[in-house]
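Presented below is the structure to which this report refers.
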Amino acid sequence: MSGLNTEWALNELDKFVEQTAMRNASTSGAGWVSISNKDLTAAPDAEVAKQAQVVEKILEHVLPNWRDDITGKMANNRWAKHREAAIRAREELVRAEEIRKNLGDNAPEISAANLHPWIWSGARSLWQSGHYVQAVRDAATKLNAETQNKVGRRDVSETDLFKQSFSLDGAKPGKARLRRLTPEDSDTYRSVQRGAMAFAEGVFAGIRNPLNHEADQEMSEQVALEHLAALSVLARWVDESTVEHAGEPS
Numbered sequence: 152m153s154g155l156n157t158e159w160a161l162n163e164l165d166k167f168v169e170q171t172a173m174r175n176a177s178t179s180g181a182g183w184v185s186i187s188n189k190d191l192t193a194a195p196d197a198e199v200a201k202q203a204q205v206v207e208k209i210l211e212h213v214l215p216n217w218r219d220d221i222t223g224k225m226a227n228n229r230w231a232k233h234r235e236a237a238i239r240a241r242e243e244l245v246r247a248e249e250i251r252k253n254l255g256d257n258a259p260e261i262s263a264a265n266l267h268p269w270i271w272s273g274a275r276s277l278w279q280s281g282h283y284v285q286a287v288r289d290a291a292t293k294l295n296a297e298t299q300n301k302v303g304r305r306d307v308s309e310t311d312l313f314k315q316s317f318s319l320d321g322a323k324p325g326k327a328r329l330r331r332l333t334p335e336d337s338d339t340y341r342s343v344q345r346g347a348m349a350f351a352e353g354v355f356a357g358i359r360n361p362l363n364h365e366a367d368q369e370m371s372e373q374v375a376l377e378h379l380a381a382l383s384v385l386a387r388w389v390d391e392s393t394v395e396h397a398g399e400p401s
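Residue numbering for the sequence shown follows the working numbering, starting at 152 and increasing by one per position.
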């Protein structure tokens with residue numbers, strides 16, 4: 152489960168399962184017995200409600216369709232559905248690695264939250280509400296703004312900004328350069344600079360620009376994540392580069 156603190160989630164689920172252990176509400180006294188078909192939870196309802204607020208967030212992450220898929224017929228109580236979902240979610244987390252090994256190819260996962268901070272901070276709010284196109288667009292806008300900040304420019308943006316910033320030409324007044332490696336007369340240095348320019352052009356021409364002209368389009372979460380990953384690569388290159396100003400040796 153990418154981005155999920157599994158140990159924390161298990162502790163919260165365990166607490167909820169313990170709180171919602173069911174017992175029958177029947178009571179008895181001297182010479183009388185009161186029978187009820189209602190089950191009570193081990194913890195007071197108010198405490199269960201507080202814990203449920205957290206547990207619901209975990210369930211939405213681990214079992215997104217739990218409200219529709221789980222019947223909650225384990226007991227006659229308002230928390231029965233939550234309890235059953237929590238038990239299932241706990242098993243899913245505990246046996247996740249086993250399940251991946253036996254049912255899938257155990258491929259590595261990419262977590263959007265672990266992408267470069269510029270990208271995820273730009274995309275987070277819209278991503279979490281399912282607006283993937285706008286999330287990618289805003290991440291690209293954030294990347295452009297952070298790059299402008301790093302080289303101290305507002306007169307160029309997007310493809311032209313990256314083309315000039317990663318140029319092999321020396322810095323000029325008002326036109327700082329980004330250097331991924333220490334400038335030197337080597338094929339490796341020239342290659343990484345040209346690669347950054349070409350990659351940036353591909354990112355903005357192939358990912359960012361189409362989103363500007365097709366406002367009503369939507370994309371899948373997987374495609375959007377791949378777009379964010381491409382933006383993240385470029386963001387790391389910019390962030391890790393040194394800035395060369397006019398007058399500095401190149």
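Virtual Cβ for every residue (Gly too), placed ideally from N, Cα, C.
Buried or exposed for residue i, going by 16 or more other Cβ atoms inside 10 Å?
i	result
V250	The sequence given here has Ile at residue 250, not Val. With fewer than 16 other Cβ atoms within 10 Å, it is exposed.
E335	exposed
S316	buried
D289	buried
G123	The structure shown does not extend to residue 123, since the chain spans only 152 to 401, so no value can be given for it.
L376	buried
K201	exposed
T298	buried
L319	exposed
N162	exposed
L164	buried
E118	Residue coverage of the chain in this structure runs from 152 to 401, which leaves residue 118 outside it and unanswerable.
V199	buried
N228	buried
V389	buried
Q344	buried
T393	exposed
I186	Caution is warranted here: a pLDDT of 39 is assigned to I186, below 50, making its placement in the model unreliable, and no coordinate value can be reported.
W183	At W183 the pLDDT is 40, less than 50, meaning the model places this residue with poor confidence; the figure from the coordinates comes in the next sentence. With fewer than 16 other Cβ atoms within 10 Å, it is exposed.
Nearest to residue i by CA position, among the options, is which residue?
i	options	result
A237	E372, V205, T310	V205
E391	A375, Q202, E377, L329	L329
A264	L254, N253, S276	S276
V245	E211, T222, S337, T157	T157
E372	L210, W278, T222	W278
I261	R234, T393, G154, G346	G154
A172	R305, E352, H233, H212	H233
V284	A203, D165, N360	N360
T301	N253, D338, E395	Sequence check: residue 301 is Lys here, not Thr. Answer by Cα proximity: E395.
S308	E248, A203, E352, S342	E352
H212	V389, E243, R229	E243
A247	S337, L214, T393	L214
F167	N216, A231, T333	A231
K323	R304, N216, L254	R304
Q374	S342, I221, R341, G281	Checking the sequence, you will find Val at residue 374 rather than Gln. Minimum Cα distance to V374 is reached at G281.
Are residue i and residue j closer than 9 Å when you measure CB to CB?
i	j	result
R174	L191	yes
A286	F313	no
A240	A160	yes
D306	G325	yes
F350	T310	no
A291	I358	yes
E169	A197	no
A386	L294	yes
Touch test, the stretch 377 to 389 against the stretch 261 to 276, Cβ-Cβ under 8 Å, three pairs minimum: Yes, the stretch 377 to 389 is in contact with the stretch 261 to 276.
Length at least 4, wholly inside the stretch 302 to 355: the alpha helix (DSSP H) runs in chain order: Here the runs fully enclosed are 309 to 316, 338 to 354.
Any beta strand (DSSP E) of 3 or more consecutive residues that is wholly inside the stretch 353 to 398: When DSSP assignments are scanned along the stretch 353 to 398, the uninterrupted stretches of beta strand (DSSP E) that are 3 or more residues long and fall wholly within it turn out to be 393 to 395.
Those runs of the alpha helix (DSSP H) which lie wholly inside the stretch 241 to 306 and span at least 4 residues: Correct list: 247 to 254, 268 to 279, 283 to 302.
Any beta strand (DSSP E) of 3 or more consecutive residues that is wholly inside the stretch 200 to 244: Qualifying beta strand (DSSP E) stretches: none in this window.
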